[in-house]
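Below: the structure, in structure tokens.
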Amino acid sequence: MKKEIFPKNGLKGNFTVPGDKSISHRSVMLGSIASGDTEIYGFLMGADCLSTIDCFRKMGINIDVTDEKVTVHGKGMYGLSSPSSTLDVGNSGTTMRLITGLLSAQDFNSNITGDSSIQKRPMNRVSIPLKEMGAEFEGEKDGKLFAPFGIHGKKLKGIHYTLPVASAQVKSALILAGLYAEGETVITEPEATRDHTEIMLNYLGANIEHKDKDIICHPVKELYGKTIYVPGDISSAAYFMVAGAICENSHIILKNIGINPTRTGIITVLKNMGADINILNEKTVCGELVADIEIKSSKLKGTVIEGDLIPKLIDEIPIIAVAATFAEGTTIIRNAEELKVKESNRIKTVKDELSKLGADITETDDGMIIKGVNSLKGAETESHNDHRIAMSIAIAALKCEGKTIINNSECVDISFPNFYHYIEEL
Ligand code: S3P
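Numbering-wise (this note's numbering), the sequence shown opens with residue 285 and increments by one.
Structure (structure tokens):
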């Protein structure tokens with residue numbers, strides 16, 4: 285589908301965005317292995333999270349979906365059954381990585397596949413430590429593993445593993461395997477990554493400890509189904525934070541957004557760039573910090589983004605690149621080579637697509653250098669079937685002279701159904 289977007293200033297709105305993708309995935313996965321029902325309010329009905337629901341239904345879990353809530357009828361730690369067919373994770377890296385950890389420890393075998401993008405996303409990062417725990421995989425070629433692949437469920441043992449790359453997906457896969465392993469599993473992170481798995485597991489009755497850079501996972505006998513309220517996704521809110529900052533005369537309040545400190549790099553960076561952002565009504569819900577975020581138009585300036593900030597904003601780099609394009613001076617992004625193995629190679633796709641609009645971006649090995657420009661001009665662009673690329677172009681288009689076209693624009697449904705409708709409402 286082609287989407288046409290025209291320039292707009294004076295964005296005003298007071299609204300929330302769809303539920304957090306990471307938390308929605310985890311609520312279905314953990315609800316499935318808990319005893320009793322887990323009622324989930326604010327669940328993200330995006331394609332990725334629907335893939336997770338589909339996988340767990342194939343393993344015998346009854347999941348009711350209504351407009352109001354998702355109810356997972358958990359069957360306990362040993363209640364999953366051998367999948368009725370190959371588990372198709374669609375475009376979802378989180379589904380693929382996390383269920384691989386969980387399925388490695390079951391007493392049945394399973395097969396995992398996904399779309400053409402997922403088949404290029406590295407699984408070694410998960411299979412190497414899982415094999416150390418005793419897991420077995422089928423489908424490795426030249427020591428590398430990509431979907432489609434098979435998992436032979438095994439009795440696992442706990443290990444101490446230092447993550448070579450900061451990745452919440454790898455950490456979470458090892459925690460899920462560790463719940464079933466003999467002995468403790470200790471994971472050392474190079475930098476802190478999102479900790480939604482740890483928070484939700486503890487909320488449902490597990491004992492996951494954090495000591496400095498170590499996460500200590502103790503085996504679990506039982507988890508207990510509970511009500512989960514999923515906050516708005518800060519990664520989705522980020523598009524409107526940047527829109528509010530760069531479009532003149534704007535004032536936007538984003539309600540009920542998750543502000544877990546492992547996810548708020550976007551707020552830190554926008555503040556460093558001089559944006560006018562306020563955090564209001566902070567509270568804790570189901571162990572997660574939640575607040576309203578207010579943003580007004582402001583003059584932005586270039587900044588440097590690197591080191592331990594990167595995992596806290598890894599999914600927001602495409603939209604940060606848009607903010608940087610409209611800032612005065614140069615923005616440098618370093619230590620972000622992980623962008624190359626996301627839904628698209630985001631160093632390249634951000635550069636290629638924003639350059640079509642007139643942005644000045646230089647690709648580097650581990651990030652990019654973005655020079656602020658005075659104005660952009662609408663052009664025909666490609667989403668590369670990457671939801672975050674499509675949404676970033678759409679926000680840039682609000683500040684472009686003339687019409688911008690986004691081809692294959694429907695991929696926004698992966699994480700933000702009705703995204704274009706939100707823009708129209710603003
Ligand atoms: C996610 C972790 C991040 C992030 C992804 C969601 C998660 O991936 O980019 O969108 O839910 O755990 P990595 O763990 O590969 O950094």
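For every residue, glycine included, the Cβ atom is placed at its ideal position computed from N, Cα and C.
Since this is a predicted model, take the numbers as computed values, not measurements.
Any contact of the region 385-394 with the region 428-438, i.e. 3+ C-beta pairs under 8 angstroms?
At 8 angstroms Cβ cutoff, the stretches touch.
CB-CB under 6 angstroms to Val696, same chain, minus the five flanking residues each way: which ones, in chain order?
His671, Ala674, Met675 and Phe703, listed in sequence order.
Measuring straight from C-alpha to C-alpha, what distance separates Gln453 and Ile383?
Rounded to the nearest angstrom, the two C-alpha atoms are 10 angstroms apart.
Below 8 angstroms on the Cβ atoms is my guess for Ala527 versus Leu682; work out the distance and round it to an integer in Å.
About 6 angstroms separates the two Cβ atoms, so the contact holds.
In chain order, what are the residue ranges of uninterrupted beta strand (DSSP E) at least 3 long that sit wholly in the region 496-555?
Whole beta strand (DSSP E) segments, 3+ residues: 498-501, 511-513 and 535-542.
Could you tell me if the beta carbon of Ser469 falls within a distance shorter than 6 angstroms of some heavy atom in ligand 1?
One point to set straight first is that residue 469 is Thr, not Ser, in the sequence displayed. Because no heavy atom of ligand 1 lies under 6 angstroms away, the Cβ of Thr469 does not count as near it: no.
Can you list the alpha helix (DSSP H) stretches of 4 or more residues lying completely in the region 391-474, in chain order?
Listed in chain order, they are 408-416 and 452-462.
What is the residue span of the alpha helix (DSSP H) that Ile653 lies within?
Looking at the DSSP string, Ile653 is not in any alpha helix (DSSP H); the run it does join, the beta strand (DSSP E), is Gly651 to Lys655.
Within the same chain, show all residues whose beta-carbon is closer than 6 angstroms to that of Ser710, passing over the 5 residues directly before and after it, in chain order.
Contrary to the premise, residue 710 reads as Leu rather than Ser in this sequence. Closer than 6 angstroms at Cβ, skipping near neighbours: Leu295 and Gly297.
Please find out if some non-hydrogen atom of ligand 1 comes closer than 6 angstroms to the beta-carbon of Ala390.
In the sequence as displayed, the identity of residue 390 is Gln instead of Ala. Flag unset: Cβ of Gln390 not near ligand 1.
If you measure from each CB to the nearest heavy atom of ligand 3 and keep those under 5 angstroms, what residues do you get, in chain order?
Absence of ligand 3 is noted for the structure shown, with ligand 1 being the only ligands found.
With a cut-off of 7 angstroms, does the C-beta of Ala490 fall near any C-beta of chain D?
As a matter of chain content, chain D is missing from the structure shown, which is built from one protein chain.
From Arg478 to Lys441, what distance separates their C-alpha atoms?
Going by the C-alpha atoms only, they are around 25 angstroms apart.
Mind the definition here: the region 366-373 touches the region 410-427 only if three or more C-beta pairs lie below 8 angstroms; say whether that holds.
At 8 angstroms Cβ cutoff, the stretches do not touch.
Quick check on the DSSP output: the beta strand (DSSP E) that includes Val569 runs from which residue to which?
Segment Asp560 to Val569, the beta strand (DSSP E) holding Val569.
Round the Cβ separation of Ile324 and Val373 to the nearest angstrom and send it over; I've been treating them as touching at under 8 angstroms.
No, Ile324 and Val373 are not in contact; Cβ-Cβ is about 19 angstroms, not under 8 angstroms.
According to the Cβ coordinates, are Thr350 and Val312 closer than 7 angstroms?
Going by C-beta atoms, Thr350 is not nearer than 7 angstroms to Val312.
Roughly how many angstroms separate the alpha carbons of Asp650 and Lys635, rounded to a whole number?
So the alpha carbons of these two residues sit roughly 13 angstroms apart.
Say whether the region 467-485 touches the region 583-596, bearing in mind that this needs 3 or more beta-carbon pairs closer than 8 angstroms, one atom from each stretch.
Yes, they touch.
Go through its chain and collect everything with a Cβ distance to Ile530's Cβ below 6 angstroms, but skip five positions before and after it.
Excluding sequence neighbours, Ile530 sits near Phe610 and Lys683.
How would you write the range of the alpha helix (DSSP H) that Asn719 sits in, first residue to last?
Past the edges of the chain, shown from 285 to 710, lies residue 719, and the structure says nothing about it.
Taking Asp321 as the reference, which of Lys342, Glu482, Asn619 and Asn346 has the closest Cα?
Of the candidates Lys342, Glu482, Asn619 and Asn346, the one whose C-alpha sits nearest the C-alpha of Asp321 is Asn346.
So does the region 604-624 actually touch the region 565-579, counting three or more Cβ pairs closer than 8 angstroms?
The region 604-624 vs the region 565-579: no contact.
Where does Met285 land, buried or exposed, given buried means 16+ other C-beta within 10 angstroms?
With fewer than 16 other Cβ atoms within 10 Å, it is exposed.
Is the CB-CB distance between Tyr523 and Ile679 below 7 angstroms?
Yes.
At 3 residues or longer, what runs of the beta strand (DSSP E) sit wholly inside the region 569-604?
List check, beta strand (DSSP E) in window: 572-580.
Can you name the start and end residues of the beta strand (DSSP E) that Tyr325 belongs to?
From DSSP, the beta strand (DSSP E) with Tyr325 extends over Ser319 to Tyr325.
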